[in-house]
Every structure is written in C-alpha cells, then in structure tokens.
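Note that the protein sequences, when read in sequence, are chains A and B.
According to UniProt numbering, the residues represented by the first sequence are 1 to 479, in order.
According to UniProt numbering, the residues represented by the second sequence are 1 to 479, in order.
Cβ atoms here follow ideal geometry from the backbone N, Cα and C, with glycine treated the same way.
Protein chains: 2
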Amino acid sequence: MAQQKITKQSDDFSQWYIDTVLQAGMADYAPVKGCMVIKPYGYAVWEHMQQALDGMFKATGHVNAYFPLFIPESFLKKEAEHVEGFAPECAVVTHGGGKPLEEPYVVRPTSETVIWSMYAKWIDSHRDLPILINQWANVVRWEMRTRLFLRTTEFLWQEGHTAHATEQEAAEEVAKILDIYADFAENYAAVPVLKGRKTDKEKFAGALYTTCVEALMKDKRALQWGTSHHLGQNFAKAFNVTFQTESGGRDLVWATSWGVSTRMIGGLIMVHGDDKGLRLPPKLAPHQVVIVPIYYSDEERQTVLQKVDALTAELKGDVRVKVDDRANYKPGWKFNEWEMKGVPLRLEIGPRDVAENQAVVARRDKGPKEKQTISLNGIKPTILDLLADIQRGLYEDALKFREENTFQANGYDEFKEILDNKLGFIYAHWCGNRACEQAVQDETKATIRCIPFNQPEEAGQCVYCGKPSEMRVPFAKAY
Amino acid sequence: MAQQKITKQSDDFSQWYIDTVLQAGMADYAPVKGCMVIKPYGYAVWEHMQQALDGMFKATGHVNAYFPLFIPESFLKKEAEHVEGFAPECAVVTHGGGKPLEEPYVVRPTSETVIWSMYAKWIDSHRDLPILINQWANVVRWEMRTRLFLRTTEFLWQEGHTAHATEQEAAEEVAKILDIYADFAENYAAVPVLKGRKTDKEKFAGALYTTCVEALMKDKRALQWGTSHHLGQNFAKAFNVTFQTESGGRDLVWATSWGVSTRMIGGLIMVHGDDKGLRLPPKLAPHQVVIVPIYYSDEERQTVLQKVDALTAELKGDVRVKVDDRANYKPGWKFNEWEMKGVPLRLEIGPRDVAENQAVVARRDKGPKEKQTISLNGIKPTILDLLADIQRGLYEDALKFREENTFQANGYDEFKEILDNKLGFIYAHWCGNRACEQAVQDETKATIRCIPFNQPEEAGQCVYCGKPSEMRVPFAKAY
C-alpha cells in the first residue's frame, strides 16, 4: 500500500494539520455536519490525558459524578449572561418517544445550570460544603466549520463544578485547578503555557472572572488550553442555593467551574508535530516504543521474534511497547509509518543484532543520522532514560520556539507589522479599556490571550489609544 | 442529623430499592423527565466496573474510540428491523445553532448505524480486518417511568462494534465477549449468571442472534445483565461494507455488537442488598474498609488519630480505605451510615485498642454479634483475606438464593402457581414456537430469559401448547 504524503508545514500549516490527523489515524470526519470520530489511536491519547488529569483531581479531593445530557430550555435562561453566551450554539431536542415535547431540551453546551439545580437540592448546611465534583462528558456547541479536535459540534471534556462557603475558598479552588492544568500541560503534554486571567470581554458567560492557560502553536497562533472560572454567586442566585452558616445565618453559595477538552489533542499535535507527522511526548504516547523486527528468511524470523518476545516481556508494565510484525510491509515502510504516528522510540532488531545482543534505536525527536546501537543487557533503564530525555527535550523545544516567537510592540504600526510578518505572542501595553481591545480585534483579529499573573508592572501607553497603561499583555491571533 | 429509615425488603421491595439508592447517595432524580443523576458514590462503583471491564476488553485485543452522539434519521432507517426497534424510543434534534435542521438527528439509542457508516470508509481489504472497537458513551432511549439505574431515558454504557471476515470469526467474538461479561458478573460483581441465547422474539433489533447473561434479583425477578449480538451481514448490507478477500473476490463484512450499562449497578444493589441498605462486593466498593476512630477527649483523639494515620498509610495502595473522622457525628451514627452504604469492612479503633495494638472489625456480610478483635501487627494480609472472603461469600449467598428460587414446572397450572407464589426462574418445556412464547407473556408477564447453553436435552411437552419439546428454558418476570 502506497504511503500518502503529508503537506509540508511551511507550505500550508492548516493542510499539514489535517493530513497528519487523518493519516496518523487520530480522527476522521463524521457523516454528521460539524462532528468528528475520534479513532482508536487518537482516543488512546485522550485516555492517557484523562488518566493523568483524573489522578490529579482525585489527589486534590475531587470526585466524579454524572449529570444529564439534556437541560430544560428554561434552566439555561435563569442566568442572563450565560444564556446569551450559549443559546445561539445549542442543539435543541423538540421530540421524544414519538411525541413533541412540552418544553424543548437543549443538549448541554456546559452543565452549570443542570448541576446547580441539583446543588439546590443537596446543599442545606455548611456541613454539606465544599462540593468538589467533576464530570467526564460529551458536550455540544453548534459549529458549521469543522476543524478536527479544535472546533467540532460535539467534543469530549471534563467539567468541574464546585460549591464553597466563601468567596476566598472558591478563589483558591480556581487557582488550584489552573495549577493542575499548567502542571499537566507542561509535565505531561510537554506544552509550555502562559497562566493568567482573561479580560472581561473574553471571560466565560456567567463568570465573575476566568483564568486560563494559553499555548503557542507551531504556526505561531495561540490556543486556549484550559480555563478555570470563579462564578461568584451568580448560579447560586439563579437557582436559589443557600446554606446555613456556622453562626446560624443563611448565605448564598460560591461557585467555580473549570474544563479542558479533546481540543488539547489538537494543541499537542500543533505544538510538537513536524513535516514527518506527529511527535508524541512519551507520557501521552499510546506506544512509547515500537519494535520492528528485521529478517529475510523464516529461520531468521524465528530467531529475531524470539528475542523480540523476550524483550517485550522484560519491558511490559513499565514501557508501552508495540511490536510491528506485519508480514505485508517492508521495514522502511514501517519506519515511515511509526514516525508519522509520532512514536518516541523505535527499536530495530535483525539477526546480526540478536547475535550481538543489541538493538538499533532511533529517536523520533532526532534526525535519522543519529541512530544508536544499544546493548540489550539492562536495556530497560536505558529506554526509560531515553523516554525521559525525549519528554524533556520536546518541552524545551516548545519553550524555545515560544520564546523565539514572543515579541514586544511599542506602537500600533509596529504591532501590526509583527502580526503581519511574524505572528506569535506580542506583548503590548493596554489601557484596560474594552473599546481598545475590541478595536484591535476588529482591525487585526488579534485578541488579548490573558493578563499574565507574573507580569511585571511597567509604565507605558496603550498600543491603541495611547492612554497610560501599567502593564503589557500578550496579544495573538488564536484558534 | 436524623438518619432516615429504609423500607424493609419484605414490606415493599421496590420502595426498599428507591430508599437505598437515594439514601446511600448512589443516584438522584434529575429535573429532566426520565433522567437520573449518578452521584459520586454511585459513579465510583461505575468507575470500578469500567476499569475491570476495560482491562478485559484490552487484554483481548480491543481498543476504544468515540463516535458522534447524533445520527442522521435516514441512517437509522437503513436497517429495517433496527429502525422498527429503536425509532419509537428516540429523542430527536430538530434545531441547531438557532436554525431548523434540513434533516433531523436522533440522539444515539445505540451506535450501529453511525459506526457502520464509518466502517464503510475504513474497510477495503482483508488486511483491515478484524476491527475490534469499543466505545464508552451515553445513549438515550425515551422512558416516561424512571427507575434509577434500571430504566432511564439516558444511561451510560459501553458498546463494542466489531467487523470480521467470516461468520465463524464473528461467532467466536460474540462468545468471547459473553464469557467476559459472565466472568465480570461472577468474579467482580459477585452475581451468578445464566448464559444463553435469546429467543428470536427477544433478540436485538437487527441481529442474527443475541446471546445474554441473566441474573436473579432478591425480589425473584430476572435482570438482563449484558448482551452480545451476532449481527450477521445485516449492517454491512445496509451500509454496503465489503472487503477484498485474500483470494481476490469481494465479500460483505460480518459484524458483532455487545454492551453492558449502568443498569448493572441496579442489579448489584438488588442481588446483594439487605434491610440495612447496600452490601457491596469488595472488588467494586468505593471504600473497601472504613475506619471509625473512637474518642471522648482531645487527648484521646490525638492518640487514636495518630494510630489511624499509620494504619491508613500501611494499607494505602492495596486497600481502598476511608477514615470517617467527622466531629459532628457519633460512632453509632457512623456505623449505621457505612452499613447502609455497604462498605465491606469496618474497623473501630479507640484508646484501649491503641494501647493493645488492636482494632475491632465488623463485616458487613455478618451480623453485629460477629465483631472480632484483630491485632494491628501484620493487619494488611488479614484485611486482604477478609475482603476476599466477603467477595466469595457474597457470590455464594447469591448463588444459593438463585438455586433456592429456581423451579421446574411441568404444566401450565403449576407454572402459573409458581409465578403467583414464588417467582424466580421457572424451567419449563417450550416447543420453540413464538406464538406460545407470546401467549405466556401476555397471560402471565413471564418471558423466556434465554435458551441456556449448557441445558441438557430432555423430551417433554410445551408448557403452553403441549407439543413436543426437546429442552426446558428458564421463564421469569423480568426488569
């Protein structure tokens, strides 16, 4: 079977992305407009993401639960900003069991309303707080233009919904979760992120404020990796959720919500991929090591496979190994295939290697000229070290790329010049006025990605209106 | 806070079930008709079920993927029996993104049609087979009368959808999965099951044949625990899925599908529960051991909690331990609470126990008079043994119960008499005629649960029409 070519990133990044996702078997277009199918290889990446995040949520006291897919239309309308933000994107169920419904249901675009209708039932006393619930679920937000993983009508995500006795406690939760998202991005996905607060214009519909982590893709556009919202008492008011305080009064409950989605898979691909296809960080790779046995006779095959079996048995449990023993494909074809699929390490073992008790190892993050020969004696620690090195290396590459594509602009002309020729994160002064933010977006399509937490104060003039500003903020064109 | 009473099983089993599910915090009614909320404690049971099953699926070569929630209405109509079976239960999306849709979407009641539309794209050669895909997802089948876990409009499940080159290979897959379901039921859920084939009347809409595992609840009604279907070439025909054979011809692909759902949680509750509430098998219990520290002064509290912390650290990783150190509740209240929630083992540790380096242990499967005192020296193996013993004991209790409630009926009067007074599984002869099966159901509400695989041949007369029959089949009233 002929191997298909992947468009070069420098020729057409968007087509490179589509080619890579489709040819690596990550996802496919569904017959339903705007929807995708997550294929087994892509879903395995999602499973590793879920496992890591779920462990972090549980280690910080969170539990999982499941709330209904359908939300009565009237619920969505109870919080004014929320309905305005989400109603236009909703899928609406009007018929069920062969009959028209009295009240239409929307398919959840996010679950604040249905969850807070339940919290109203569950919360009565300070002893019922905090509630720290997370849900792994599918959600629907209508899209006509599909971009696999990045923009689809249906996507998978987790949504945390917590309830607290005080504003401060909710704020601490918001920060704790953002730290988890940043930790996961950097230490599992090898994706460096900026941490900060969204501007009021960019915040979640119904939130007091939204915090986020933002990453830079290889086409120098930004991607929102995850968000953690302080919802204040907005949903408690909308659903009348109060609790008896320790001193005997009754207060409204404070809320947070937070989520990351299968969109992260798109980010992972666009941060690490190259012209050969995917490059997956070892911690999230479905196969960390692929072994390609090499032989030219049945006798050689038997010798080599015996060695490969022993090696696989040795690595099992500590390393995710795939053996590609397909008879119908040549070794070179297999090398290309697994490079395209981004497997971090490839081992090649032929009869001579068996005789010498060695294997040839190729790293996906290095060029083909850097193949090494390693001894099979005590190979497990060697492989674990190599995987850790690749994990670290991918992060460092991505960080270097982001730093090389982070700029400062001091005037609007310079700002536009950078946007036109370089893209990336452009740190510019902003007066804090929503009108300026909107004007920049209308004129250049760049948005303020966040107000970074660690940004130093610096006196300057707003890049748009020239009024005084205390801080630079990163602008970028974003997904 | 006052503890609520649970209705006695013998007074009203159905109310006992509702009381138990609600008071143990397993699930709650959602504000959407027919829907439920799976609360954290219930969801944790589901997570343990998922983990065990997912491991079994993967160990037999299956991979997970994700297909869209929405299915174009026209897809459902492509397989005649399938649409007849499912269309009346569908929820229909008619509007999206603020506009009426050109073609309505149904919310998946099961995913054969959308999955086979993709397989048509993915399968071209015998080298693409088999496809062994499973999906963990939510599905919707319209229900007006909710029974938490047992009958809800939306429920969670897994659905496997496999594609094979031959009828025989598909048949082997069907059998392999049924074995997994039986293994899981008996060795994880401690629920003994009958394995067999459904009658044509009871088979899946669109299947060649359906196999199933069936369990008996404590109210002596049957519950279908899981099903594994041979779909023949029906969906391949409907979606025109053919492959090039090794000899160069083109054949239609053979299919299977199989699923178990959150309904199993209802079964788990109804097989093991008693008048105090849940009894959870250790392998699926969110907390396998609850430790209740007992103290009457701050000084005692410190001494006891120090010991409890050391013990928890010792057990961690091997045993799922919960420490109930809530200050506002008395020990007796906590004992009742955790018994109601079905925790297999309870450890009580007070100051005297600390001094003697011991703990009092109470088993949920035994009466309160059988409390023992055990040494804290080398307590881990003792606890693991106790848990294994409880796991085994629950299975044996359930098997004994099923055997005591399994009857033979030789005439229709005897059959009806048993149904009226005893229920349970009633083995009676059946001629194989659908009309007799339907008549029995219409007149008594009993259905044939399966044609058991291991049923010995025996000459007899059909319990309804008196014509010759070669085998008895188990009838029961079922959920």
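Neighbour flag for Leu-69(B) against chain A, beta carbons, 8 Å: Sequence index remark: in the second sequence, residue 69(B) carries index 69 (1-based). Yes, because at least one Cβ of chain A sits closer than 8 Å to the Cβ of Leu-69(B).
- prompt: Mind pulling the chain D residues with CB within less than 7 Å of Lys-39(B)?
  reply: Here chain D cannot be found, since the structure's protein chains are A and B.
query: What residues match up with Leu-315(B) in a beta bridge as DSSP calls it?
result: Translated into positions along the second sequence, residue 315(B) becomes position 315. None, per the DSSP bridge assignment.
query: Ser-117(A) versus chain B: which residues are under 7 Å apart at the beta carbon?
result: Position 117 of the first sequence, counted from the first residue, corresponds to residue 117(A). In chain order: Pro-31.
- prompt: What's the C-alpha gap between Pro-88(B) and Thr-262(A)?
  reply: Here residue 88(B) refers to the residue found at position 88 of the second sequence. Here residue 262(A) refers to the residue found at position 262 of the first sequence. Approximately 33 Å, taken between the alpha carbons.
- prompt: If the cut is a Cβ gap below 8 Å, which residues of chain A does Glu-154(B) touch?
  reply: Position 154 of the second sequence, counting from 1, holds the residue named residue 154(B). What Glu-154(B) touches in chain A: Pro-68, Leu-69, Phe-70.
- prompt: Based on Cα-Cα distance, which residue from Leu-129(A), Leu-394(A), Leu-386(A) lies nearest to Thr-242(A)?
  reply: The residue labelled residue 242(A) in the question sits at position 242 within the first sequence. Closest option to Thr-242(A), Cα to Cα, is Leu-129(A).
Segments assigned beta strand (DSSP E), at least 3 residues, entirely inside the segment 410-469 of chain B: 425-429
Of the residues Tyr-119(B), Arg-108(B), Ile-349(B), Lys-99(B), the one placed nearest Gly-96(A), counting alpha carbons only: Position 96 of the first sequence, counted from the start, is the residue given in the question as residue 96(A). Answer by Cα proximity: Arg-108(B).
message: Please identify, using Cβ separations under 8 Å, the residues of the segment 16-28 of chain A that lie next to chain B, in order along the chain.
response: Per Cβ criterion, the list reads Asp-28.
message: Strictly by DSSP, which residues pair up with Thr-227(A)?
response: Start at 1 with the first residue of the first sequence, and residue 227(A) comes out as number 227. Under DSSP, Thr-227(A) takes part in a beta bridge, and its partners are Cys-212(A), Gly-259(A).
query: Can you find a CB in chain A that lies within less than 8 Å of the CB of Val-343(B)?
result: If you number the second sequence from 1, residue 343(B) lands on position 343. No, Val-343(B) does not count as interfacial toward chain A.
- prompt: Exposed or buried, what is Arg-402(A) when buried is set at 16 or more other beta-carbons lying within 10 Å of its beta-carbon?
  reply: Walking along the first sequence from the start, residue 402(A) turns up at place 402. Looking at its Cβ environment, which holds 16 or more other Cβ atoms inside 10 Å, Arg-402(A) is buried.
message: Can you list, in chain order, the residues of its chain with a C-beta nearer than 6 Å to that of Gly-232(A)? Leave out the 5 residues immediately preceding and following it.
response: Your numbering for residue 232(A) matches position 232 in the first sequence. Answer for Gly-232(A): Leu-208, listed in chain order.
- prompt: If contact means a Cβ-Cβ distance below 7 Å, which residues of the segment 82-93 of chain A contact chain B?
  reply: Pro-88, Glu-89, Ala-91, Val-92, Val-93
query: Per the contact definition of three or more C-beta pairs closer than 8 Å, is the segment 31-43 of chain B in contact with the segment 67-87 of chain A?
result: yes
query: Counting along the chain, where does the beta strand (DSSP E) carrying Thr-373(B) start and finish?
result: Position 373 of the second sequence holds residue 373(B). Per DSSP, Thr-373(B) belongs to the beta strand (DSSP E) from 372-375.
message: If the criterion is Cβ atoms closer than 8 Å, does the pair Arg-434(A) and Lys-201(A) meet it?
response: Within the first sequence, the letter at position 434 stands for residue 434(A). Within the first sequence, the letter at position 201 stands for residue 201(A). In this structure, the beta-carbon distance from Arg-434(A) to Lys-201(A) falls below 8 Å.
query: Are the C-beta atoms of Ile-349(A) and some chain B residue less than 8 Å apart?
result: On the first sequence, position 349 is the one that residue 349(A) refers to. No, Ile-349(A) does not count as interfacial toward chain B.
- prompt: Of the choices Met-56(A), Phe-13(A), Gln-438(A), Ala-24(A), whose alpha-carbon is the least far from that of Asn-187(A)?
  reply: Translated into the one-based positions of the first sequence, residue 187(A) becomes position 187. Measuring from the Cα of Asn-187(A), the nearest candidate turns out to be Met-56(A).
task: Give the single residue among Phe-204(B), Glu-470(B), Val-191(B) whose Cα lies nearest to the Cα of Gly-85(B).
output: Reading the second sequence from its first residue, position 85 is the one you call residue 85(B). When only C-alpha atoms are compared, the closest one is Phe-204(B).
query: Ends of the beta strand (DSSP E) at Gly-96(A)?
result: Start at 1 with the first residue of the first sequence, and residue 96(A) comes out as number 96. Counting along the chain, the beta strand (DSSP E) containing Gly-96(A) begins and ends at 91-96.
- request: Please list the partners that Trp-142(A) has in chain B, where partner means a Cβ-to-Cβ separation under 7 Å.
  value: One-based indexing of the first sequence puts residue 142(A) at position 142. In chain order: Gly-96, Gly-97.
Sequence-distant residues of its chain with Cβ nearer than 7 Å to Lys-307(B) (five each side left out): The residue given as residue 307(B) occupies position 307 in the second sequence. Within the same chain, Lys-307(B) has close Cβ partners Ile-349, Val-354.
- request: Kindly indicate which three-state DSSP category Leu-148(B) falls into: helix, strand or coil?
  value: Locating residue 148(B) in the second sequence gives position 148, where the first residue counts as 1. Coil.
- prompt: By how many angstroms is the C-alpha of Gln-461(A) removed from the C-alpha of Asn-138(A)?
  reply: Working through the first sequence from its first residue, we reach residue 138(A) at position 138. Working through the first sequence from its first residue, we reach residue 461(A) at position 461. Whole-angstrom Cα-Cα distance: 44 Å.
field: Cβ neighbour criterion (16 or more within 10 Å) applied to Gly-375(A)
entry: On the first sequence, residue 375(A) is found 375 positions in, with the first residue counted as 1. Inspection of the sequence shows that residue 375(A) is occupied by Ser rather than by Gly. Around the beta carbon of Ser-375(A), fewer than 16 other beta carbons lie within 10 angstroms, which makes this residue exposed.
query: Who pairs with Pro-293(A) in a beta bridge, going by DSSP?
result: In the first sequence, residue 293(A) corresponds to position 293, counting from 1. Beta-bridge pairing links Pro-293(A) to Ile-349(A).
- prompt: Considering Asp-200(B), what are the terminal residues of the beta strand (DSSP E) in which it resides?
  reply: On the second sequence, residue 200(B) is found 200 positions in, with the first residue counted as 1. Note, Asp-200(B): premise wrong, no beta strand (DSSP E); not H, not E.
- request: Determine whether the Cβ of Asn-240(A) lies closer than 8 Å to any Cβ atom of chain B.
  value: Walking along the first sequence from the start, residue 240(A) turns up at place 240. No, Asn-240(A) does not count as interfacial toward chain B.
query: By Cβ distance below 7 Å, which residues in the same chain neighbour Pro-68(A) in space, the five residues on each side in sequence not counted?
result: As a working note, residue 68(A) is residue 68 in the first sequence. Non-local C-beta neighbours of Pro-68(A) in its own chain, meaning closer than 7 Å and more than five positions away in sequence, comprise Val-114, ordered along the chain.
task: Please report how far the alpha carbon of residue 504(A) lies from the alpha carbon of Asn-336(A), in whole angstroms.
output: Here chain A comprises residues numbered 1 to 479, so residue 504(A) is not present and cannot be evaluated.
message: With a threshold of 8 Å between beta-carbons, can Ile-291(A) be considered close to chain B, or not?
response: Taking the first residue of the first sequence as 1, we reach residue 291(A) at position 291. No - not a single Cβ of chain B is within 8 Å of the one on Ile-291(A).
query: How would you call Tyr-296(B), buried or exposed, if buried means at least 16 neighbouring beta carbons within 10 angstroms?
result: Position 296 of the second sequence holds residue 296(B). With fewer than 16 other Cβ atoms within 10 Å, it is exposed.
query: When you compare each of Arg-449(B), Ile-291(B), Pro-281(B), Glu-396(B) to Thr-227(B) by their alpha carbons, which one comes out closest?
result: As a first step, residue 227(B) is located in the second sequence; it is residue number 227 there, counting from the start. Cα-wise, what sits closest to Thr-227(B) is Arg-449(B).
Start-to-end residues for the alpha helix (DSSP H) that takes in His-82(A): Reading the first sequence from its first residue, position 82 is the one you call residue 82(A). Note, His-82(A): alpha helix (DSSP H), 80-86.
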